[in-house]
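Working notes for the structure below.
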Amino acid sequence: MKRTPKSPLRDVLARNMRLLRAEKGWSQERLAEEAGLNRTYLSAVERSEQNISIDNLYRVAKGLGVEAHTLLTHRD
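Everything in the sequence shown is counted per this note's numbering, starting at 1354 for the first residue and increasing by one.
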């Protein structure tokens, strides 16, 4: 099976998820609960190991209280 190369955008998303979650003082478990997603799935997304669907991106953003585009934008 041919594997698709990992997009650098996946790393941007992972970093932003970790930063925003840390700013709130939340564990991965708390974010998973807020987003209605599985903690191990979110953990894999935060490590850039798992692709995320647009629907789940929306759920994570809503859980964090931000717009979805915020998760895909480079932060300084």
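The C-beta atom is built at its ideal place from N, Cα and C for all residues, glycine as well.
Check, Outcome
"Residues near A1388 by beta carbon distance below 6 Å, same chain, minus five either side", "R1412, V1413 and G1416"
"L1384: CB within 7 Å of a non-hydrogen atom of the ligand HEM", "The ligand HEM is not part of this structure, which contains no ligands at all."
"Sub-8 Å separation of L1362 and I1405 beta-carbons", "no"
"S1360 versus L1425 - alpha carbon distance", "12 Å"
"Same chain, Cβ closer than 8 Å to R1428, neighbours up to 5 away in sequence not counted", "R1368, N1369 and L1372"
"Where Q1403 sits in the DSSP three-state scheme", "coil"
"For D1429, the three-state DSSP class (helix, strand or coil)", "coil"
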